[in-house]
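Q: For the record, the sequence lines run as chains A and B. For the first sequence, our numbering assigns the number 37 to the initial residue and increments by one for each residue that follows. For the second sequence, our numbering assigns the number 50 to the initial residue and increments by one for each residue that follows.
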Amino acid sequence: MSANVQPITPLTLTAYTLVTANGRGVGPVLQALRGRRSGLKPCDFEDVTLKTYIGRVEGLEDFSLGNELERFDCRNNRLAWLGLQQDGFMVAVAEAKQRYGAHRVAVVMGTSTSGILETEHAYQARNQAGSLPDWYTSRYRYTHNMFSLGHFVQVCLGLRGPAVVVSTACSSSAKVFATADRLLRAGLCDAAIVGGVDSLCLTTLYGFSALQLLSAAPCRPCDEDRDGLSLGEAAGFALLESSERVGRRGAVALLGYGESTDGYHMSHPHPEGAGAIRAIRDALARAGRRPEDIEYVNLHGTATRANDSVEDKAVYSIFGARPACSSTKGWTGHTLGAAGITEAVISALCLTEGLIPGTLNCARVDPSLKSRILRENQIGSLSCVASNIFGFGGNNCSLILGKL
Amino acid sequence: MKVAIQGIGLLAPGLAGWETGRAVLAGHGSFQPGEMPDPEAALLPPNERRRSSDCVRWAVQVAQEAMVQSGLDPREVPTVFASSGGEMGVLDTLCRTLATPERVISPTLFHQSVHNTPSGYWGIATTCQQSSTALSCYDDSFAAGLLEAVTFVYVEQRPLLLVAYDLAVPAPLNEARPIAAGFAVALVLAPPSDVALATMQLHLNETDQEPASHLQDLALERVRLDNPAARSLPLLKALATGGSERVIVSLLESQQLVLEIDRCRN
Chain A
37 MSANVQPITP
47 LTLTAYTLVT
57 ANGRGVGPVL
67 QALRGRRSGL
77 KPCDFEDVTL
87 KTYIGRVEGL
97 EDFSLGNELE
107 RFDCRNNRLA
117 WLGLQQDGFM
127 VAVAEAKQRY
137 GAHRVAVVMG
147 TSTSGILETE
157 HAYQARNQAG
167 SLPDWYTSRY
177 RYTHNMFSLG
187 HFVQVCLGLR
197 GPAVVVSTAC
207 SSSAKVFATA
217 DRLLRAGLCD
227 AAIVGGVDSL
237 CLTTLYGFSA
247 LQLLSAAPCR
257 PCDEDRDGLS
267 LGEAAGFALL
277 ESSERVGRRG
287 AVALLGYGES
297 TDGYHMSHPH
307 PEGAGAIRAI
317 RDALARAGRR
327 PEDIEYVNLH
337 GTATRANDSV
347 EDKAVYSIFG
357 ARPACSSTKG
367 WTGHTLGAAG
377 ITEAVISALC
387 LTEGLIPGTL
397 NCARVDPSLK
407 SRILRENQIG
417 SLSCVASNIF
427 GFGGNNCSLI
437 LGKL
Chain B
50 MKVAIQGIGL
60 LAPGLAGWET
70 GRAVLAGHGS
80 FQPGEMPDPE
90 AALLPPNERR
100 RSSDCVRWAV
110 QVAQEAMVQS
120 GLDPREVPTV
130 FASSGGEMGV
140 LDTLCRTLAT
150 PERVISPTLF
160 HQSVHNTPSG
170 YWGIATTCQQ
180 SSTALSCYDD
190 SFAAGLLEAV
200 TFVYVEQRPL
210 LLVAYDLAVP
220 APLNEARPIA
230 AGFAVALVLA
240 PPSDVALATM
250 QLHLNETDQE
260 PASHLQDLAL
270 ERVRLDNPAA
280 RSLPLLKALA
290 TGGSERVIVS
300 LLESQQLVLE
310 IDRCRN
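Take a look at the structure:
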């Protein structure tokens with residue numbers, strides 16, 4: 037299983053930022069975690085009439101990108117822009133660019149639907165001949181195409197290194213850490229901007245509704261009566277540099293990652309969590325850590341009945357009931373292609389603040405789950421955490437983050 | 050970064066399979082685009098094939114062809130799937146449905162819409178549990194996939210299957226993204242060894258000073274320009290003709306991949 041996997045040099049998260057339904061920047065995220073305030077509200081997205089809760093980022097409808105970025109204008113890139121403006125992220129990237137050169141900084145982004153909302157609107161605006169409006173056709177490349185997000189981030193940050201968008205459904209913006217590590221190890225860049233942005237759209241709202249996976253109430257991860265997920269939207273970014281180069285004792289670093297697939301079913305996880313187990317074991321092996329070194333497991337914890345049960349099996353089989361486990365989906369909703377970076381930044385905050393968030397909206401832990409699921413917040417220093425992202429198409433990724 | 054090429058899969062109008070394609074690309078026959086292939090993708094279990102999209106069948110067909118040549122067990126080989134727009138046919142159906150008042154979309158259609166659909170079906174067909182990355186880089190999706198794939202093989206020192214595909218885009222979506230015909234290619238890449246069909250040295254050039262390699266045959270050159278996956282054609286031509294050749298593939302506006310192809314065996 038881990039025979040091929042060698043430990044990696046940690047990658048320092050020199051800067052990181054996050055925008056979710058809880059607010060702009062890591063400050064509001066932290067306040068919401070501490071105050072146990074959910075960003076989920078009854079669905080008020082466009083003209084959607086589904087009975088569900090969503091984690092919508094306020095204000096995206098009310099601004100547009102400036103003239104030079106106008107061609108990129110869509111909900112997803114507005115959210116990306118908002119993310120880039122927070123927590124001094126642009127300044128940190130500018131410094132890295134100065135240190136290494138624009139060609140030596142890679143951009144690796146994750147998204148699942150990119151700017152598909154533009155295409156949904158364009159199809160509603162077809163003329164009698166069935167043609168799409170000009171405002172859309174000339175901008176498909178900059179809005180709906182998967183790479184639009186990578187292109188946009190590269191242009192915003194003035195970077196000219198390798199750039200790519202990973203789109204593996206929910207695992208997208210966790211797997212970007214792996215791609216970035218390989219680019220750095222191969223000497224193709226000196227630093228990498230990783231992250232992910234996914235925004236609300238009709239495709240995912242009606243799609244998850246069709247799969248009967250949306251809860252009518254705010255999602256309740258690990259609860260015995262959990263009945264589905266809540267969709268959210270988010271933008272998150274991190275600047276990665278080799279810790280051998282930048283050091284920064286006490287800083288948060290990516291210690292390891294594991295990627296796998298289930299090879300089982302497009303929309304159901306492997307019943308024994310085989311792919312999940314493989315991803316977690318590989319992540320531990322790359323981090324050079326044993327299961328007992330992990331103090332907190334940030335669960336994927338989507339709050340669907342099957343996913344939470346299978347993840348519990350996988351986590352328990354590796355860690356037993358020792359580490360604290362929780363899901364933060366009750367705060368943000370499932371941000372799909374942005375889930376990986378959302379949970380990675382939250383994990384980084386847990387490490388720096390010595391906070392383990394108890395699972396929000398979990399009134400009673402499902403007695404059939406064997407892992408140690410936390411309901412209430414805990415305070416205490418942390419040095420090593422695991423974050424799981426398991427997605428559609430059985431695509432899995434697990435990250436190990438720790439303090440240097 | 051030096052890697053071996055251990056298997057090649059190809060599917061496009063007039064280039065149905067590597068054997069046919071190699072002869073055409075090596076100049077042993079003229080390029081006759083003719084009919085659109087309808088791949089069988091025999092590896093897919095019948096019930097999965099019924100549910101699968103065209104993208105899945107094209108991708109699985111070339112992946113299967115390349116894997117058989119490599120002699121490797123697909124369960125042991127991680128994958129990279131590169132496509133500019135992924136399931137454009139599925140997205141068209143989905144957006145048509147979402148434009149109706151009822152917005153009733155089928156669960157199957159939704160699960161087919163994700164960019165990693167071919168990766169998921171490949172995993173189900175082979176029961177492979179290795180890592181699989183699905184990515185996009187607009188017109189340079191093949192180049193980005195090749196960079197991800199070669200980097201993986203170089204860093205991890207293990208074989209990997211790269212599949213690049215883009216299919217014809219249906220109306221009216223083709224007004225926004227005109228791709229007239231499908232193209233799919235697969236390469237099994239591995240650490241350098243004696244059993245390889247060829248070796249390839251990849252270098253990332255941080256300028257776009259040199260023009261990208263193109264094809265002398267005008268019809269083939271049109272195919273190269275029409276479909277992001279067909280940007281692989283100069284590399285495939287070098288592999289078909291044998292000998293040593295230098296191929297330049299554009300990557301974004303500021304970079305290019307320089308490929309030194311060597312020791313081709315026919």
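In this text, a Cβ means the ideal position worked out from N, Cα and C, and glycines have one as well.
Whose C-beta lies closer than 8 Å to the C-beta of residue 186(A) among residues of the same chain, with five residues either side of it excluded?
A: Excluding positions up to five away in sequence, the list reads 143, 144, 145, 199, 200, 201.
Q: Relative to chain A, which residues along the segment 292-309 of chain B have a C-beta separation below 9 Å, given in chain order?
A: Of all residues in the segment 292-309 of chain B, 300, 301, 302, 303, 304 have a Cβ within less than 9 Å of some Cβ in chain A.
Q: Enumerate in chain order the residues of its own chain whose CB-to-CB distance from residue 411(A) is below 7 Å, with the five nearest sequence positions on each side excluded.
A: Contacts found: 394, 395, 398, 401.
Q: Specify whether the segment 417-433 of chain A and the segment 313-328 of chain A touch according to this definition: at least 3 beta carbon pairs, one from each stretch, less than 8 Å apart.
A: The segment 417-433 of chain A, when compared against the segment 313-328 of chain A, does touch it at the 8 Å Cβ threshold.
Q: Give the interface partners of residue 152(B) over in chain A, defined as CB-CB distance under 8 Å, in chain order.
A: Within chain A, the residues near residue 152(B) are 238, 242.
Q: If we cut at 8 Å on Cβ distances, does residue 96(B) have a partner in chain A?
A: It does not: the Cβ of residue 96(B) has no partner Cβ on chain A nearer than 8 Å.
Q: Under a CB-based cut-off of 8 Å, is residue 160(B) close to chain A?
A: For residue 160(B), the answer is yes, since a Cβ of chain A falls inside 8 Å of its Cβ.
Q: Please tell me whether residue 112(A) and residue 134(B) are closer than 8 Å, where the distance is taken between their beta carbons.
A: Their beta carbons are not under 8 Å apart, which means residue 112(A) does not touch residue 134(B) by this criterion.
Q: Rounded to the nearest angstrom, what separates residue 308(B) and residue 196(B) at their Cα positions?
A: About 11 Å.
Q: In terms of residue numbering, what span does the alpha helix (DSSP H) encompassing residue 112(A) cover?
A: First-last of the alpha helix (DSSP H) with residue 112(A): 111-120.
Q: Just reading off the beta strand (DSSP E) that residue 252(B) is part of, what are its end residues?
A: It spans 247-254 - the beta strand (DSSP E) in which residue 252(B) sits, taken as one unbroken run.
Q: Quick check on residue 406(A): buried or exposed, where buried means 16 or more other Cβ atoms within 10 Å of its Cβ?
A: Classification for residue 406(A): exposed.
Q: Between 232(B), 289(B), 300(B), which has its C-alpha nearest residue 56(B)'s C-alpha?
A: That would be 289(B), whose Cα lies nearest to the Cα of residue 56(B).
Q: Does any C-beta atom of chain A lie closer than 8 Å to the C-beta of residue 254(B)?
A: Answer no: the Cβ-Cβ gap between residue 254(B) and chain A never drops below 8 Å.
Q: For a cutoff of 8 Å on Cβ pairs, would you count residue 402(A) as touching chain B?
A: For residue 402(A), the answer is no, since every Cβ of chain B falls outside 8 Å of its Cβ.
Q: Would residue 173(B) pass as an interface residue toward chain A - the criterion being a Cβ-Cβ separation below 8 Å?
A: Cβ-Cβ to chain A under 8 Å: yes for residue 173(B).
Q: Is it the case that the Cβ atoms of residue 346(A) and residue 361(A) are separated by a distance below 8 Å?
A: Cβ distance not < 8 Å, so residue 346(A) and residue 361(A) don't count as in contact.
Q: Taking just the CA atoms, how far does residue 344(A) sit from residue 142(B)?
A: Those two C-alpha atoms are separated by around 31 Å.
Q: For residue 298(A), which residues in chain B fall below 9 Å Cβ to Cβ?
A: Going along chain B in sequence order, the residues near residue 298(A) (Cβ under 9 Å) are 169, 172, 173, 178.
Q: Exposed or buried, residue 77(B), counting other C-beta atoms within 10 Å across all chains shown (16 or more means buried)?
A: By the 10 Å Cβ count, residue 77(B) comes out exposed.
Q: When you compare only the Cα positions, how much space is there between residue 98(B) and residue 73(A)?
A: Approximately 46 Å between the Cα atoms of the pair.
Q: Cα-Cα, which of 41(A), 414(A), 194(A), 404(A) is closest to residue 218(A)?
A: It is 41(A) whose Cα lies nearest to the Cα of residue 218(A).
Q: Given that a residue counts as buried once 16 or more other Cβ atoms are within 10 Å of its Cβ, and exposed if not, what is residue 87(B)?
A: It counts as exposed.
Q: Using a beta-carbon distance below 8 Å, is residue 269(A) in contact with chain B?
A: Chain B contact via Cβ: absent.
Q: What would DSSP say about residue 44(A), mapped onto helix, strand or coil?
A: DSSP places residue 44(A) in coil when its eight states are reduced to three.
Q: Residues of chain A with CB closer than 9 Å to the CB of residue 140(B), please, in chain order.
A: Residues of chain A passing the Cβ test: 152, 155, 180, 239.
Q: Leaving aside the five residues before and after residue 118(B) along the sequence, list all residues of the same chain whose C-beta is less than 6 Å from its C-beta, in chain order.
A: Around residue 118(B): 56.
Q: Return the CA-CA distance between residue 258(A) and residue 337(A), expressed in angstroms with no decimal places.
A: Going by the C-alpha atoms only, they are around 7 Å apart.
Q: Is residue 99(A) buried or exposed, if buried means 16 or more other CB atoms sit within 10 Å of its CB?
A: That one is exposed.
Q: Is it a yes or a no for the segment 103-115 of chain B touching the segment 165-178 of chain B, going by three-plus beta-carbon pairs under 8 Å?
A: Yes, they touch.
Q: Please determine, among 274(A), 177(A), 78(A), the residue with the shortest C-alpha to C-alpha distance to residue 107(A).
A: With distances taken between Cα atoms, residue 107(A) lies closest to 177(A).
Q: Within 10 angstroms of the Cβ of residue 210(B), are there 16 or more other Cβ atoms? Answer buried if so, exposed if not.
A: Under this definition residue 210(B) is a buried residue.
Q: Give a yes or no on whether 8 Å exceeds the smallest Cβ distance from residue 277(B) to chain A.
A: Not an interface residue.
Q: With contact counted as at least three CB pairs below 8 Å, one residue from each stretch, are the segment 161-168 of chain B and the segment 220-227 of chain B in contact?
A: Because the criterion of three Cβ pairs below 8 Å is not met, the segment 161-168 of chain B and the segment 220-227 of chain B do not touch.
Q: With burial defined as no fewer than 16 other Cβ atoms inside 10 Å of the residue's Cβ, what is the status of residue 248(A): buried or exposed?
A: That one is exposed.
Q: At a CB distance below 8 Å, what residues from the segment 214-240 of chain B approach chain A? Give them in sequence order.
A: The residues in question are 220, 221, 222, 224, 225, 226.
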